[in-house]
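As structure tokens, the structure follows; a few thoughts come after it.
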Amino acid sequence: MNKLIKYLQYNEKESNIYLPNEIFKDLSSELEGSSHIAFAYSYYYFISWLYRYSKYGQFNINIKQIKEVLGYSPNSKEINYIIKKDGVLDQIGYTFSSTDYPIAWAFNDGEIEFTMFSDLDLDLRKILMHQKGRNYKVKVPVKAFWRDKISEEEGILDGTFYDIRNTHHISFDVFLECMNNKELGCTGFYLYGYLKYRCQWYDEYNSSFENIGMSCGVSKNTAEKYLNILLQNGLIQYNENPCRIIKGEYKKEPNTYWIA
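Numbering (the numbering used here), first residue to last: 1396 to 1655.
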């Protein structure tokens, strides 16, 4: 994976990505199995980053490379039902395939603008088609442009590239740290994202492993395992709260978590 990231020429100015808060509910209600939910979350984050910073236009990037970054074999087929044309992410309005893609980006009056492949003159388009192939397609991160079907139909740009209300932010450095750590991977990144979402209003979040698991669509044991690995790697911190008497019985208070 490090070779691909070096190839993509990542720098610290390309770190910011915001995801919609509803993604946790949307994915856990449509997918079964913690690994596939976590993969879908991490995949959506990565393609949002690739699109936002115009990496598709600058480099040849294919789905096999994306799978490798996310810890899967480039020839793995088990997650294809999630990301293929008319797959789960397409069906729930998170992605669609397009032959048009951003070549460059810039801010205009504080709002991002993309120079698209379709904006180029014919000679430049021919050069890119020769490099990438005539059928080169990318996945568009729909929620980055439109938060719902109404705004998409009316052409209102209210997605996470334009309006960061009701979103959570994760730096690309955290994504890289999780993907470079086989113990964390997509599931660790997914649970980090959930805590980032929950901690953003009050800087901390009180919850049990069971409740976190239920909210994310993962088991209690999976939540406990990966939260402990996140703790060991210094990505999150926590306080273990004491027991207190409730109706004559000792009850353990949920842990308090915050982002390191």
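Where is the CB? At the ideal position from N, CA and C, for every residue including glycine. Keep in mind the model is a prediction, meaning the values are calculated, not measured.
Under the three-state reduction of DSSP, ILE1458 is assigned to helix. The criterion of a C-beta distance shorter than 8 Å is satisfied by TYR1489 and VAL1537.
GLY1583 is not a Cβ neighbour of SER1429, given a cutoff of 8 Å. Counting every other CB atom within 10 Å of its CB across the protein chains shown gives HIS1525 a total below 16, marking it as exposed. In the three-state reduction of the DSSP assignment, TRP1500 falls in the strand class.
Taken in chain order, the whole beta strand (DSSP E) runs of length 3 or more contained in the region 1553-1630 are 1562-1566, 1600-1602.
Shown here, GLU1473 sits in coil according to DSSP, grouped into three states, outside any helix or strand.
The Cβ-Cβ distance between LEU1422 and TYR1405 does not fall below 8 Å.
Per the Cβ contact rule, the region 1599-1618 is not in contact with the region 1448-1462 (fewer than 3 Cβ pairs under 8 Å).
With the rule of 3 Cβ pairs closer than 8 Å, the region 1411-1421 counts as touching the region 1560-1580. Assignment of PHE1434 by DSSP, reduced to helix, strand and coil, places it in the helix class.
Taking the Cβ atoms as the reference, LYS1534 lies roughly 17 Å from SER1471, outside the contact range of under 8 Å. Of all C-beta pairs linking the region 1541-1549 to the region 1587-1596, fewer than three are shorter than 8 Å, placing the two stretches out of contact.
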